[in-house]
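Residues in the sequence shown are numbered from 1 upward in steps of one, following UniProt numbering. For glycine and all other residues, C-beta sits at the position ideal for the given N, C-alpha and C. Owing to the predicted nature of the structure, the values given are computational and were not obtained by experimental measurement.
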Amino acid sequence: MNDRPQQFDVDAAMAALEAQLAPLVAADPDAVMVGVETGGAWIAKHLHARFSLAAPLGTLNISFYRDDFSTIGLHPSVGPSQIEADIDGRTVILVDDVLYTGRTVRAALNELFDYGRPAAVKLAVLVDRGARELPFAADATGLHIDIERGRQIKLTGPEPLRLEMR
């Protein structure tokens, strides 16, 4: 059995994600982009520059909103979320690296709504790996992968970004 991680083409996944996001950004150039720490923030930084969005890029640290917080404890590198733009009544493009159970998205929405009430939240993910536990779907996806539970897809970076399945 080969124990080497399977690698995916991050550039192709990013290009597909950009292509799907382009109409959303064109329809609402005043949108605010927010990346979920850490992988989502890396991707959001790239997308924010690519689309030349006027509103400053935001980041969310969802550590305190995770539903497994009491089980896994606090991650040692917890920092504050940073959203400088006013999100009230605006479209927020929430960016994450991997959409799996939906629990990260739920936590991110809880944190996001502490900053205001957006008109809409659009979800952009680099990878959708299926097997949802909560009813969330991405509005833009770079790569769809159906893999069995127990396998993990991990984005490493920030330079260069690498996507591996273990």
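Residue i to residue j span [Cα, whole Å]
i	j	result
VAL138	LYS122	According to the sequence provided, residue 138 is Ala. The question's Val does not apply to it. Between ALA138 and LYS122, the C-alpha separation is close to 7 Å.
GLY150	TYR100	12 Å
ARG4	ASP128	22 Å
HIS144	THR156	18 Å
ALA44	VAL34	7 Å
ALA119	GLU111	16 Å
ALA41	GLY89	22 Å
SER52	ILE93	14 Å
VAL25	ILE153	27 Å
ALA22	PHE136	21 Å
HIS46	ALA140	15 Å
PHE113	GLU37	16 Å
Test item: CB-CB of residue i and residue j under 9 Å
i	j	result
GLU164	GLN20	no
LEU57	HIS48	yes
LEU17	GLY102	no
PRO158	VAL10	no
ALA15	ALA31	no
ARG117	ILE87	yes
Own chain, CB closer than 6 Å to residue i, minus 5 neighbours either side, in chain order
i	result
ASP146	GLY130
GLY79	ASN61
GLY39	ASP97 and LEU155
VAL8	Residue identity differs from the one stated: residue 8 is Phe in this sequence, not Val. Taken in chain order, the residues that qualify are LEU163.
VAL95	GLY35, GLY40, ILE43, ALA44 and ALA124
ARG166	PRO5 and GLN152
Strand pairing of residue i, partner residues [DSSP]
i	result
LEU109	Looking at the DSSP assignment, LEU109 forms no beta bridge with any residue, so it has no partner.
ASP128	LEU99 and HIS144
Of the residues the options, the one placed nearest residue i, counting alpha carbons only
i	options	result
ALA108	SER63, ALA13, PRO29 and ARG132	SER63
ARG132	VAL98, ARG90 and ALA26	VAL98
ALA12	LEU126, VAL25, TYR115 and VAL95	LEU126
ALA27	HIS46, THR91 and SER81	THR91
Beta-carbon proximity list for residue i, same chain, < 8 Å, skipping 5 on both sides
i	result
LEU134	THR101, GLY102, ARG103, VAL105 and ARG106
ALA85	VAL32, ALA55, PRO56 and GLY58
PRO29	LEU53 and ALA54
PHE69	At PHE69, the pLDDT of 46 sits below 50, so the modelled position is not reliable; the number obtained from the coordinates is stated separately. Once the five neighbours on either side are set aside, the close Cβ partners of PHE69 are SER63.
7 Å CB neighbourhood of residue i in its chain, flanking five on each side removed
i	result
TYR115	ILE83 and ILE87
SER81	THR59, LEU60, ASN61 and GLU111
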